[in-house]
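In my numbering, the protein residues as written are 1145 to 1498. Ideal placement from N, C-alpha and C gives every residue a C-beta, glycine not left out.
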Amino acid sequence: MRLNGEIRLRDATVGVVRDGLLTRWDAARLPLYLLRTKDLEAWLRSRAIDAHRTNSRLLKRALRIASGDDMEAVLRVHAATITDAYWFCAAGEALTFADVQFRENQFAALALRGDPDGFNQPYSHTPELTNIGSYEKCWQLRGGRWWMVKQGNDLERFSELFICRLGQALGFPMAEYYAENTTVASPDFTGFAAVNFESADGIMGDDEDYGRNFDAFFAISPDIARAYLQIIYLDALCFNMDRHTKNYGVLRDADTGAVLSMAPNFDNNIALFSRGIPQNLSRTNDKLLALFCELLAQDARAFALAKALPIPAKGQIEACALATGIPVAMDALCAFICNGSAQVQRQITVSISN
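The structure is reproduced here in structure tokens:
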């Protein structure tokens, strides 16, 4: 697609596009994905709703968008999203950020539940066309703040809620999650794009390797590397199999582009017992624990930071589980997490003795 126009950050031009190519850019403020790849079409497609979601197909049909056409979907809303202030202004368009920023969402019920009344809504500017991820979800505007609402079964919702609470109990930066019937709800942690969330694929592509990610984040800031270590530590303890470079990242200043911090830990629904209780509660031969311990053994900086990682107590685990309001096999949960923690502590002890 031969696009012409500008990549904008709010109302500032940070990239110029000619015949589909990024020809000029502001390196300090350009999206990290574009800074790394210069691939405009890939960046635009990465912002589009997942075409494989059932309700995505319904939404596109209601909006008269070809079901598999990511470019049409994302350009329909000028590539704007809830969680950053970047957008695409095509040549000849007299638009400002105020024109493309989302102020309502008439298609929330259709995106979340496939609601038939939502299907019959007339077209309006909706953030659902750039609401990425594989689960049925929607954005809802409540009291002047956007909330992500996501579906899941009992154990998926338990995982999301419990890990949020355990991370908070351990002192880690966590996105907030609340139980709502058959969904969980989480307020937008960018505050109407007061800061920009940029996922780690902007820095790492699809490379999830712990060591290379730690290196990249440490090069930005030791504090950001520490926050990354906290995320993968909690992943290891709670067996989050679904950590990928789209569900962790950094927060950037929406004016200068400076990296401010790691984004809070979010998207933990495919963890713990969401796919069933593992037979091996002792956590021997556990791949996520092995990968985390391998990082500590190979990187002295990671090991130094890991010595300060808090150890979850059984009482904390029980309290966080009860706070979710969702029944779970409590003895198995406590054994699973405590045995994982013990393995990490053994690795730290071995590294100290060496």
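Check whether residue i and residue j have beta carbons under 8 Å apart
i            : j            : result
residue 1413 : residue 1304 : yes
residue 1373 : residue 1479 : no
residue 1277 : residue 1213 : no
residue 1406 : residue 1368 : yes
residue 1246 : residue 1269 : yes
residue 1488 : residue 1380 : yes
residue 1385 : residue 1434 : no
residue 1311 : residue 1378 : yes
residue 1358 : residue 1446 : yes
residue 1248 : residue 1418 : no
Selected residue, minimal CA-CA separation from residue i, among the options
i            : options                : result
residue 1428 : 1237, 1311, 1483, 1285 : 1483
residue 1467 : 1231, 1313, 1368       : 1313
residue 1172 : 1386, 1284, 1397       : 1397
residue 1219 : 1241, 1274, 1243       : 1274
residue 1442 : 1151, 1269, 1355, 1425 : 1355
residue 1493 : 1464, 1445, 1465, 1437 : 1437
residue 1448 : 1150, 1215, 1370       : 1370
residue 1327 : 1302, 1192, 1309       : 1302
residue 1149 : 1252, 1198, 1237, 1323 : 1237
residue 1255 : 1279, 1226, 1181, 1234 : 1279
residue 1257 : 1202, 1209, 1147       : 1202
residue 1481 : 1251, 1329, 1307, 1435 : 1307
residue 1376 : 1365, 1288, 1485       : 1485
residue 1335 : 1363, 1351, 1311, 1285 : 1285
residue 1225 : 1440, 1439, 1292, 1323 : 1292
residue 1244 : 1176, 1153, 1182       : 1153
residue 1353 : 1439, 1253, 1491       : 1439
residue 1399 : 1162, 1174, 1163       : 1174
residue 1151 : 1363, 1235, 1420, 1265 : 1235
residue 1177 : 1348, 1421, 1325, 1462 : 1348
residue 1401 : 1179, 1457, 1490       : 1179
residue 1459 : 1309, 1411, 1266, 1422 : 1309
residue 1316 : 1455, 1181, 1469, 1147 : 1455
residue 1099 : 1421, 1491, 1288, 1470 : The requested residue 1099 is not part of the displayed model; the chain covers only 1145 to 1498.
residue 1421 : 1474, 1444, 1470       : 1474
residue 1337 : 1288, 1350, 1364, 1329 : 1288
residue 1350 : 1146, 1320, 1322, 1181 : 1181
Reduced DSSP secondary structure (H/G/I, E/B, other) of residue i
i            : result
residue 1162 : strand
residue 1354 : helix
residue 1248 : coil
residue 1397 : strand
residue 1237 : coil
residue 1311 : helix
residue 1292 : strand
residue 1453 : coil
residue 1149 : strand
residue 1220 : helix
residue 1323 : strand
residue 1198 : helix
residue 1409 : strand
residue 1280 : coil
residue 1340 : strand
residue 1174 : coil
C-alpha distance - residue i paired with residue j, whole-angstrom precision
i            : j            : result
residue 1409 : residue 1294 : 16 Å
residue 1331 : residue 1431 : 32 Å
residue 1282 : residue 1188 : 20 Å
residue 1296 : residue 1360 : 33 Å
residue 1263 : residue 1239 : 28 Å
residue 1260 : residue 1196 : 19 Å
residue 1496 : residue 1383 : 25 Å
residue 1521 : residue 1215 : Outside the displayed span of the chain (1145 to 1498) sits residue 1521, for which this structure offers no information.
residue 1500 : residue 1221 : As displayed, the chain neither begins before 1145 nor continues past 1498, which places residue 1500 out of reach and without an answer.
residue 1204 : residue 1464 : 39 Å
residue 1425 : residue 1476 : 7 Å
residue 1339 : residue 1298 : 32 Å
residue 1251 : residue 1207 : 10 Å
residue 1167 : residue 1191 : 21 Å
residue 1183 : residue 1223 : 14 Å
residue 1170 : residue 1185 : 18 Å
residue 1266 : residue 1253 : 14 Å
residue 1403 : residue 1324 : 33 Å
residue 1423 : residue 1461 : 20 Å
Within-8 Å CB hit, residue i to chain D
i            : result
residue 1485 : The question asks about chain D, but that chain is absent: this structure has only one protein chain.
Practice task
Check whether the segment 1228-1237 touches the segment 1151-1163, taking contact to mean three or more Cβ pairs, one atom from each stretch, closer than 8 Å.
Solution key: yes
Problem - Any 3 or more C-beta pairs closer than 8 Å across the segment 1380-1396 and the segment 1341-1350 - result: yes
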